[in-house]
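Colleague: Quick one: the structure is below, questions incoming.
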Amino acid sequence: MQSKYCFIAVVVTALCLRVEATRAGSEVCFPPHFTFGVATAAYQIEGAWNVSGKGESIWDRYTHTHPERIFDHKTGDVAADSYHKVKEDVRLLVELGVHHYRFSISWPRILPTGLSNDINEDGIRYYSELVDHLLANNIVPMVTLYHWDLPQSLQDLGGWTNPIIAEYFHDYAKVVFEHLSDRVKVWFTFNEPLSFCQEGYGGTDAPAGNSSGFEDYLCGHNVLRAHANVYRMFERDYRHTGGAVGIVLDFAWMEPASTAAEDQKAAEIARQFQFGWFAHPIFSPEGDYPPVMKQRINEISKRQNFPRSRLPVFTQEEVVSLRGSSDFLGLNHYTTRLVAAGSGKIYPQPSFYTDMGVVITQNPDWPRTNSTWLRVVPWGFRRALNYIRVSYNNPPVLVTENGVSLPRMTHDVRRVQYAAGYLRALHEAMKDGCDVRGYTHWSLINNFEWTRGYSERFGLYDVEYASASRTRSPRLSARYYAKLTRTRCLPNTWE
Ligand code: NOJ
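As numbered in mature numbering (1 follows the signal peptide of the UniProt record, and there is no 0), residues -21 to -1, 1 to 474 make up the sequence shown, in order.
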């Protein structure tokens, strides 16, 4: 069958076959068509922020004008300098033996003003060469169109809170498809809309909208409209290229804090607010926002004296266009949270968290990492995958991010243990029947971790940020991952 669920030459084969987890002896092995990769994002690694015609992004503006909000006042101006190190980075990928590489395109590098009347040829050249190098080394390129670096000129118009952006995103995507869809077969429209809408428009990440319970919903609404526009355009004009389009959603597993009915209910509300917000309109059979979100935000808005719900309403046409608008689900998963029923107190000031109305914590006994939000809980991964299977009719899932931040060290045994634990949980989920097609480790190299600067390190390779050449060197985890990609079985030792 060649349904819309088939994507890329390599992954297409996997998608058309029933993927089954196998166990060879005591080993944990993945099926032959399961692909392993690593991921990065443009602003986090490229640098060259104002080179060869690139326009300014909201993260350029933010790090330059608000250094005090970034750890150590760092910027992504040079980052890992990947813009000048395409060949070197591809060499690392070859060393790792990965089957795919997920990277993002910087919108302002392609369209400096954000608009498609002015195309920066150097931007096209850069990504085109990267794609060629990957293909020449048998690595499947997987491209994210938007990983948070919006052109500043579009933010000046309101960014994702202005409905016109759905059209501008469509135009940008068309330019990219025009130049790369002959070679790129796996596309993601957005990376983690929950994060950039909630923390960017509802909080203090760029562009720091700081208007939770209001701008974050506007952002989410326009992102979903933009996603559907691009998916439908691809379906109409580029499907013949043999590619496929999905979206990347982040989903920390929401575990009830106790067996009490109210905590069970609270956990489900949290799942709907934190995952269903974007998953339900696209992957559920009925489409639209999750009923519990619509109901709670409507009621709370009224109690706060608003004449209507702060959650925007889709037209029927939009609901239909969004429903089924993804060939697969890209999943970013790192950790698990505990959810208890909240106090129910309604503040006059709108807030996403008041709307959700639950209490979210983590168990202090779960192992810590270098990121305050990230504790190591592999079993939550299996639960998250099974929740997706049951809630959305077992869509094909590609794990697009999973990884851990640790102190700077070469012998990163804890990263190896993290990856092994999460991969075991993923393997169990596949045995439960979850249709998982691949795994992508975050990240290839240490990179700019947004407001945490370079202080949180997720790389399989270290980057020497003190040196002008940004020297890369493999960690223990890189060697471990290289064994895994070659055998598709979890190595028994990490030495
Ligand atoms: C998710 C984001 O997509 C990525 O940009 C970030 O660096 C990692 N998580 C780690 O926090």
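By construction, the Cβ of each residue, glycine as well, lies at the ideal position given by its N, Cα and C atoms.
Would you call residue 66 buried or exposed, if buried means 16 or more other Cβ atoms sit within 10 Å of its Cβ?
Modeller: Taking the sequence shown and counting its residues from 1, one reaches residue 66 at position 87. The residue in question, residue 66, is exposed, as its Cβ has fewer than 16 Cβ neighbours within 10 Å.
Colleague: If you compare alpha carbons, which of 433, 461, 328, 374 is closest to residue 263?
Modeller: As a first step, residue 263 must be located in the sequence shown, where it is residue number 284. Measuring from the Cα of residue 263, the nearest candidate turns out to be 374.
Colleague: By alpha-carbon positions, which one of 442, 462, 463 ends up nearest to residue 453?
Modeller: The count along the sequence shown starts at 1 and reaches residue 453 at position 474. The option with the nearest alpha carbon to residue 453 is 442.
Colleague: Alpha carbon to alpha carbon, how far is residue 211 from residue 472?
Modeller: Numbered from its first residue, the sequence shown carries residue 211 at position 232. Numbered from its first residue, the sequence shown carries residue 472 at position 493. Whole-angstrom Cα-Cα distance: 47 Å.
Colleague: Compare the beta carbon distance of residue 232 and residue 93 with 8 Å and say whether it is the shorter of the two.
Modeller: Residue 232 sits at position 253 when you count from the first residue of the sequence shown. Residue 93 sits at position 114 when you count from the first residue of the sequence shown. Taking 8 Å as the Cβ cut-off, residue 232 and residue 93 do not qualify as a contacting pair.
Colleague: Using beta-carbon positions only, say whether residue 36 and residue 128 come within less than 8 Å of one another.
Modeller: The residue labelled residue 36 in the question sits at position 57 within the sequence shown. The residue labelled residue 128 in the question sits at position 149 within the sequence shown. Closer than 8 Å, so yes.
Colleague: In the DSSP output, what is residue 311 paired with across the bridge?
Modeller: If you number the sequence shown from 1, residue 311 lands on position 332. Per DSSP, 229, 380.
Colleague: For the region 345 to 363 against the region 426 to 439, are there 3 or more C-beta pairs whose distance is under 8 Å?
Modeller: Yes, the region 345 to 363 is in contact with the region 426 to 439.
Colleague: Kindly indicate the opening and closing residues of the beta strand (DSSP E) around residue 18.
Modeller: Residue 18 sits at position 39 when you count from the first residue of the sequence shown. Looking at the DSSP string, the run of the beta strand (DSSP E) that includes residue 18 is 14 to 18.
Colleague: How would you call residue 116, buried or exposed, if buried means at least 16 neighbouring beta carbons within 10 angstroms?
Modeller: The residue given as residue 116 occupies position 137 in the sequence shown. That one is exposed.
Colleague: Where in the region 238 to 324 do unbroken runs of the beta strand (DSSP E), each at least 3 residues long, occur, reported from the N-terminal end onward?
Modeller: Within the region 238 to 324, the complete beta strand (DSSP E) runs of at least 3 residues are 308 to 311, 315 to 320.
Colleague: Have a look at the DSSP bridge pairing and note the partners of residue 207.
Modeller: Start at 1 with the first residue of the sequence shown, and residue 207 comes out as number 228. None, per the DSSP bridge assignment.
Colleague: Between the region 47 to 64 and the region 94 to 103, do three or more beta carbon pairs fall short of 8 Å?
Modeller: At 8 Å Cβ cutoff, the stretches do not touch.
Colleague: Count the CB pairs spanning the region 366 to 381 and the region 401 to 413 that are closer than 8 Å, and state whether there are at least three.
Modeller: Output reads yes: the region 401 to 413 touches the region 366 to 381.
Colleague: Pull up the distance between the alpha-carbon of residue 113 and that of residue 120, whole angstroms please.
Modeller: On the sequence shown, residue 113 is found 134 positions in, with the first residue counted as 1. On the sequence shown, residue 120 is found 141 positions in, with the first residue counted as 1. Rounded to the nearest angstrom, the two C-alpha atoms are 7 Å apart.
Colleague: Taking 7 Å as the cut-off, does the CB of residue 23 come closer than this to any heavy atom belonging to the ligand NOJ?
Modeller: Within the sequence shown, the letter at position 44 stands for residue 23. Result yes, Cβ under 7 Å from the ligand NOJ.
Colleague: Can you name, in chain order, every residue of its own chain whose Cβ lies under 6 Å from the Cβ of residue 456, other than the five neighbours on each side?
Modeller: Stepping through the sequence shown from its first residue, residue 456 is reached at position 477. Excluding sequence neighbours, residue 456 sits near 391, 394, 395, 439.
Colleague: With burial defined as no fewer than 16 other Cβ atoms inside 10 Å of the residue's Cβ, what is the status of residue 177: buried or exposed?
Modeller: Within the sequence shown, the letter at position 198 stands for residue 177. Flag for residue 177 reads buried.
Colleague: Should residue 285 be listed as close to the ligand NOJ, given that the test is whether its C-beta is under 7 Å from any heavy atom?
Modeller: Mapped onto the sequence shown, residue 285 falls at position 306. Answer for residue 285: no, Cβ out of range of the ligand NOJ.
Colleague: List the whole-angstrom C-beta distance separating residue 208 from residue 145, where the pair is believed to meet the contact cut-off of C-beta under 8 Å.
Modeller: Here residue 208 refers to the residue found at position 229 when the sequence shown is read from its first residue. Here residue 145 refers to the residue found at position 166 when the sequence shown is read from its first residue. Yes, they are in contact, since the Cβ atoms of residue 208 and residue 145 sit about 5 Å apart, within 8 Å.
Colleague: For residue -16, which three-state DSSP category applies?
Modeller: In the sequence shown, the residue the question calls residue -16 occupies position 6. Caution is warranted here: a pLDDT of 42 is assigned to residue -16, below 50, making its placement in the model unreliable, and no coordinate value can be reported.
Colleague: From residue 548 to residue 312, what distance separates their C-alpha atoms?
Modeller: Because residue 548 is not part of the residues shown, which for the chain are -21 to 474, the question remains open.
Colleague: Between residue 363 and chain D, is the shortest Cβ-Cβ distance under 8 Å, so that the two count as touching?
Modeller: No chain D is part of this structure, which consists of one protein chain only.
Colleague: Identify the continuous alpha helix (DSSP H) that holds residue 87 and give its terminal residues.
Modeller: In the sequence shown, counting from the first residue as 1, residue 87 sits at position 108. Run containing residue 87: 86 to 89, per the alpha helix (DSSP H) assignment.
Colleague: Assuming residue 38 and residue 55 are in contact, meaning their beta carbons sit under 8 Å apart, how far apart are those beta carbons, in whole angstroms?
Modeller: Taking the first residue of the sequence shown as 1, we reach residue 38 at position 59. Taking the first residue of the sequence shown as 1, we reach residue 55 at position 76. Yes, they are in contact, since the Cβ atoms of residue 38 and residue 55 sit about 6 Å apart, within 8 Å.
Colleague: If I measure Cβ to Cβ from residue -1 and keep anything under 7 Å in the same chain, skipping five residues before and after, which residues do I get?
Modeller: Position 21 of the sequence shown holds residue -1. Since pLDDT at residue -1 reaches only 35, below the 50 mark, its modelled position is unreliable, and the value read off the structure follows with that caveat. Here the set comprises 9, 10, 406, 409, 410.
Colleague: Going straight from the alpha carbon of residue 266 to that of residue 466, what length do you get?
Modeller: Residue numbering aside, residue 266 sits at position 287 when the sequence shown is read from its first letter. Residue numbering aside, residue 466 sits at position 487 when the sequence shown is read from its first letter. C-alpha separation (whole angstroms): 40 Å.
Colleague: Could you work out which residue in 216, 250, 224, 28 is closest to residue 234 when comparing CA atoms only?
Modeller: Here residue 234 is taken as the residue at index 255 of the sequence shown, counted from 1. When each option's Cα is compared against that of residue 234, the closest is 250.
Colleague: Rounding to the nearest angstrom, what Cα-Cα distance links residue 286 and residue 329 in this structure?
Modeller: As a first step, residue 286 must be located in the sequence shown, where it is residue number 307. As a first step, residue 329 must be located in the sequence shown, where it is residue number 350. Approximately 13 Å between the Cα atoms of the pair.
Colleague: Looking only at its own chain, which residues have a Cβ that is under 7 Å from the Cβ of residue 444, when we skip the five neighbours before and after it?
Modeller: The residue labelled residue 444 in the question sits at position 465 within the sequence shown. Only 433 meet the Cβ criterion.
Colleague: Out of 363, 124, 464, state which residue places its alpha-carbon closest to the alpha-carbon of residue 168.
Modeller: Taking the sequence shown and counting its residues from 1, one reaches residue 168 at position 189. For the residues 363, 124, 464, the minimum Cα distance to residue 168 belongs to 124.
Colleague: Quick one: using the 10 Å Cβ neighbour count with 16 as the cut-off for buried, is residue 461 buried or exposed?
Modeller: Counting from one through the sequence shown, the residue named residue 461 turns up at place 482. Flag for residue 461 reads buried.
Colleague: Quick one: does the C-beta of residue 437 sit closer than 7 Å to a heavy atom of the ligand NOJ?
Modeller: Position 458 of the sequence shown holds residue 437. Yes, the ligand NOJ has a heavy atom inside 7 Å of this Cβ.
Colleague: Measure how close the beta-carbons of residue 33 and residue 88 come, nearest whole angstrom, since I'm counting them as under 8 Å.
Modeller: For the purposes of this step, residue 33 is taken as the residue at position 54 of the sequence shown. For the purposes of this step, residue 88 is taken as the residue at position 109 of the sequence shown. Correct: roughly 4 Å between the Cβ atoms.
Colleague: Does at least one heavy atom of the ligand NOJ sit under 7 Å from the Cβ of residue 421?
Modeller: Sequence index remark: in the sequence shown, residue 421 carries index 442 (1-based). At least one heavy atom of the ligand NOJ is nearer than 7 Å to the Cβ of residue 421, so yes.
Colleague: In angstroms with no decimal places, state the Cα-to-Cα distance between residue 515 and residue 289.
Modeller: Not covered by the structure: residue 515. The range shown for the chain is -21 to 474.
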